[in-house]
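Protein chains in written order, with my numbering: chain A, 1 to 86; chain B, 87 to 209; chain C, 210 to 378. Each residue gets a CB set at the ideal place from its N, CA and C atoms; glycine is no exception. Because the structure is a prediction, the values reported are computed rather than measured. Before any comments, here is the structure.
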């Protein structure tokens, strides 16, 4: 019951942030919104784990939070230096 | 509300509320740097609340260890990604909307950082 | 290092004493061991460890309180029709030295009310932060100084730079 409500609220925030991804206006805004989206997805997966009572879902949440940070670092490096690695 | 469990549900609801306000702030605040305040602070406590609620729901070692890892990781990485985004946008010349002074005074000077990274081999 | 190993040893002794090895008994053992270490700091030589642990706990409490304040504040601003943002970028002369301490400081400041760390100068003596809702520049500096003061005991005297930077902050 409460889990469904929380899922609805987080989904609403995902939709709101999608507006920010589409509107921009700068690349920094889009990177920030994508970072925010990845954290939102981690939260969504944790809530779905409660709903389906599957602990395996939390592994997916862990991996997704790692990947989200990695992609943010790569994107900011690309924005700042014009390349990700040497 | 037949299965309302205060210990589990209050952190989840508070967390969801903070995540939603973060999204609202992200849409409403005037420029990137103000939006970073909303995204970095609110998402940290919001996701922490939800993870604590989920951990109380499962109350098993397998779930708690993973949630503790995710929680710790969020606390470590959210400020760092906010820092990286602010620095990259500022040094690439995205003008902040200011009502006070700009004491850094290095807007758009990414070249300085480039040289430093070349020296230290951080590229 | 000596204090930490003694503390863990005492916790394990406690679990053996109770005869039940579980996370709860281990936590109780750590607390009891810490109490013993803080009662007899001179004979066990654990004064530094006790001080550092207490500083860590105090910083944790400070951190949680300020994080809650920051969240309620920003949530309120996100919902108000005309938030009093008053954004500015300030330079803060650092007293902390060392990459580790400065990274922790930058990360903490990002989660504190009204400030987001943006960068360091090349010499790593000044931290630049974007602030909203902190009024004038001296007020914003005072707010960052509060965070630095809470972090200073954690990194000891070696990380402190004393000198002319003191009075500009």
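Item                                                                                                                               : Value
Ranges of the alpha helix (DSSP H) found wholly within the region 109 to 195 of chain B, counting only runs of at least 4          : 118 to 123, 129 to 144, 147 to 177
Neighbour flag for residue 95/B against chain C, beta carbons, 7 Å                                                                 : no
Residue of 320/C, 336/C, 353/C minimising C-alpha distance to residue 327/C                                                        : 336/C
At least 3 beta-carbon pairs within less than 8 Å: the region 34 to 47 of chain A vs the region 126 to 135 of chain B              : yes
Short CB-CB distance (under 7 Å) between residue 175/B and chain A                                                                 : yes
Local conformation of residue 277/C per DSSP, three classes                                                                        : helix
Alpha-carbon to alpha-carbon, residue 226/C and residue 165/B                                                                      : 43 Å
Residue 106/B, buried or exposed, once every other Cβ within 10 Å from all chains shown has been counted against 16                : buried
Members of the region 277 to 309 of chain C near chain B, C-beta cut-off 8 Å                                                       : 277, 279, 280, 283, 284, 286, 287, 288, 292, 294, 295, 296, 297, 298, 299, 300
Cutoff 6 Å; reference residue 372/C; Cβ partners in own chain excluding five residues on either side                               : Legend: pLDDT at residue 372/C = 46, less than 50; position of this residue unreliable, value from coordinates given subsequently. Once the five neighbours on either side are set aside, residue 372/C has no close Cβ partner at all.
Any C-beta of chain B under 7 Å from that of residue 30/A                                                                          : no
C-beta atoms of residue 110/B and residue 139/B nearer than 7 Å                                                                    : no
Contact with chain A by residue 106/B, beta-carbon distance below 7 Å                                                              : yes
Own chain residues within Cβ distance below 6 Å of residue 143/B, not counting five before or after                                : 94
Environment of residue 348/C [buried if 16+ CB atoms lie within 10 Å]                                                              : exposed
Proximal residues, the region 117 to 141 of chain B versus chain A, C-beta separation under 7 Å                                    : 118, 121, 122, 125, 129, 133, 136, 137, 140
Beta-carbon contacts of residue 72/A that lie in its chain and below 8 Å, excluding the five residues immediately before and after : 31, 34, 35, 38
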